[in-house]
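Have a look at the structure below, then the notes.
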Amino acid sequence: MHGYANPARFLKFARPATGWFLWIGLLLLAPGILGGLFVTPPDYLQGETVRILYIHVPAAWLGMAGWAGIAAASLAQIVWRHPLSAIAGRAVAPAGATFAAICLATGSIWGRPTWGTWWEWDGRLTSMLILFFLYLGYIALAWAERERGGDGRMAALFGLVGAINLPIIHYSVMWWRTLHQGQSISITGGSSIAPELLWPLPLTLVGFSLLFGAVVLMRMRAELAAAKFEARLRRTSTE
Amino acid sequence: MNPWPFVFAAYAIALGGTASLLLWAWRSMCAAEAQADSLKRRA
Amino acid sequence: MKPKHQRLTLAVLAIIAVAAAVLLAMWGLRDRAAYFFTPAEVAIGKAQQGAAIRLGGMVKKGSIRQRSDGVTIDFIVTDGSHDVPVVYRGITPDLFKEGSGVVAEGRMRGKTFVADTILAKHDERYMPPQMGNEVAEHAAVKTVQQ
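Protein chains in written order, with the working numbering: chain L, 83 to 321; chain H, 466 to 508; chain X, -5 to 140.
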């Protein structure tokens, strides 16, 4: 508990970084959103509903990246008992859960006019829904452990084991026949999205990611401040 | 089927959800840091 | 063994155990996990008569026929090598058209698939309208392969 009562090094980075993440994120997000809503042409097949791409894809990416962050923090917790890892996990979880929910909601809204249904139990949609429930489970577990004064190792184990869902979500459209379409973009380059339609996507991807980072930093600062408050309270009450 | 209500609903959910998340994190941070600083000033 | 190594071993073993369990489950469910049957699978008899299944493929060009009652349509779902005639009564989604991907929910009655629901399935290509019409041919074949 006392180990992170004064994590000066982290805060030295986090305080200015919060502002940078926030403002640069908003700066990139604004043209991405406006471009995606009003500037890009409609899709040859889907028409205007393709605009949901610019928010659905970042949400899916962040929902998954969030759990990857939780898994990394969980590993640090279990192997090295790093004092900041439990806080980091708890900081990421609400943000990851929010974007997973946004992914499911925007996906459903997109599916109704394009596929003809609000929901289907295919591989990708189902595994994404499972991820959202895993987030809720992690949040409940992590908060309960903190209340009891635990060091968060149960939550860390849950965070590690739950990571198995990430490759399942990613490869679902490849392993099984699904309703959800396959990859449009790969990291190794090459994309099946025409440039006229593609350009807002990196803007919203990076923009939302930076805002996600800002939220994580703010939540970590909040928990660290609360711990510092408790430590000072204990010090002053024993003097 | 008119696509625009779907598009606007999706954008509203995404932007509204993100804004709520940011607001919640911001307010919790400000409250906690203010509380911790208040003790520091007294001590 | 140092406590840190003990913890690492435990964590790795836990992950391997869960991964193995999940892979086993996925392998066991592999046919069930497929969202739909293809026309080729229907042709070799994989689809049970009368059972509720999904049929996926491409709507064969020139195959959509509306019946005289104005509500029922006949069309053919193809995967390039096999065709399955489908009959459907109801409203079709906007993206349902010839040369595009489709997933139909319903059951086999003899050689014909009686559909209760029609879902449009599209591939991962996105492009503006002018470019689209030329490429639509290639896109359709890709849809079926997925």
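Even glycine gets a Cβ: it sits at the ideal position worked out from N, Cα and C. Bear in mind the structure is a predicted one, so any value in this text is a computation, not a measurement.
Candidates L/Trp105, L/Arg172, L/Ala177 and L/Phe215: closest to H/Ser485 by CA position = Cα-wise, what sits closest to H/Ser485 is L/Ala177.
What's the gap between the Cα of L/Ala183 and the Cα of L/Phe214?
-> The alpha-carbon separation between L/Ala183 and L/Phe214 amounts to approximately 7 Å.
Determine the closest residue to L/Tyr253 out of L/Phe103, L/Val243 and L/Gly264, with distance taken between C-alpha atoms.
-> The alpha carbon of L/Tyr253 has as its nearest neighbour, out of L/Phe103, L/Val243 and L/Gly264, the alpha carbon of L/Gly264.
Identity of the residue in X/Lys(-2), X/Gln0 and X/Val12 nearest L/Gly241 by Cα = Minimum Cα distance to L/Gly241 is reached at X/Val12.
The segment 99 to 125 of chain X: which residues have C-beta closer than 9 Å to a C-beta of chain L, in chain order?
-> Residues Thr111, Ile112, Leu113, Ala114, Lys115, His116, Asp117, Glu118, Arg119, Tyr120, Met121, Pro122, Pro123, Gln124 and Met125.
Confirm the yes/no value for this check: CB of L/Met210, any heavy atom of the ligand ATP, distance under 8 Å.
-> What this structure holds is no ligand at all, so the ligand ATP is not there to describe.
Pull up the CB-CB distance for L/Leu285 and L/Pro123, whole angstroms please, since I reckon it's below 8 Å.
-> Taking 8 Å as the upper bound for CB-CB distance, L/Leu285 and L/Pro123 are not in contact here, some 17 Å apart.
Selection of the segment 271 to 298 of chain L by Cβ proximity to chain X, strictly under 7 Å | So the close ones are Ser274, Ile275, Ala276, Glu278 and Leu279.
Interface flag, X/Lys(-2) vs chain L, CB-CB below 9 Å = For X/Lys(-2), the answer is yes, since a Cβ of chain L falls inside 9 Å of its Cβ.
Test: L/Leu34 CB closer than 9 Å to a CB of chain H | This structure cannot speak to residue 34 of chain L, because chain L is shown only from 83 to 321.
Whose Cβ in chain H lies nearer than 7 Å to the Cβ of L/Thr131?
-> What L/Thr131 touches in chain H: Pro468, Phe471 and Val472.
Using a Cβ-Cβ cut-off of 7 Å (strictly less than) and excluding sequence neighbours within five positions of L/Phe92, which residues of its own chain qualify?
-> These residues qualify, in order along the chain: Leu166.
Could you name the residues of the segment 81 to 100 of chain X whose beta carbon sits closer than 8 Å to any beta carbon of chain L, in the order they occur along the chain?
-> Flagged, chain order: Thr86, Pro87, Asp88, Leu89, Phe90, Ser94 and Val97.
The alpha helix (DSSP H) enclosing L/Tyr217, as first and last residue numbers = From DSSP, the alpha helix (DSSP H) with L/Tyr217 extends over Gly205 to Glu229.
Using a Cβ-Cβ cut-off of 6 Å (strictly less than) and excluding sequence neighbours within five positions of L/Gly289, which residues of its own chain qualify?
-> Same-chain partners within the cutoff: Gly107, Leu110, Leu111 and Gly114.
Selection from L/Leu104, L/Ala226, L/Val132 and L/Leu218 that minimises the alpha carbon distance to H/Trp469 = Looking at the Cα atoms, L/Val132 is the closest of the given residues.
Determine, using beta carbons only, whether L/Arg301 and L/Trp225 come nearer to each other than 9 Å.
-> Taking 9 Å as the Cβ cut-off, L/Arg301 and L/Trp225 do not qualify as a contacting pair.
Taking only beta-carbon atoms, is L/Val243 less than 9 Å away from chain X?
-> Cβ-Cβ to chain X under 9 Å: yes for L/Val243.
Count the other CB atoms, across all protein chains shown, that sit within 10 Å of the CB of X/Ala46; report buried if there are 16 or more and exposed otherwise.
-> Exposed, because fewer than 16 other Cβ atoms sit within 10 Å of the Cβ of X/Ala46.
So, does the CB of L/Gly198 fall closer than 9 Å to a CB anywhere in chain X?
-> Proximity of L/Gly198 to chain X, defined by a Cβ-Cβ separation below 9 Å, is satisfied.
Give me the Cα-Cα distance between L/Leu283 and X/Val53, rounded to the nearest whole angstrom.
-> When rounded, the distance between both Cα atoms is 31 Å.
When burial is assigned at 16 or more other CB atoms within 10 Å of the CB, is L/Val255 buried or exposed?
-> That one is buried.
Start-to-end residues for the alpha helix (DSSP H) that takes in X/Pro(-3) = That run of the alpha helix (DSSP H) goes Pro(-3) to Gly22.
Within 10 angstroms of its Cβ, does H/Lys505 collect 16 or more other Cβ (buried), or is it exposed?
-> Taking all protein chains in view, the Cβ of H/Lys505 is surrounded by fewer than 16 other Cβ atoms within 10 Å, so the residue is classified as exposed.
Distance CB(X/Gly84)-CB(X/Ile112) smaller than 9 Å = Going by C-beta atoms, X/Gly84 is nearer than 9 Å to X/Ile112.
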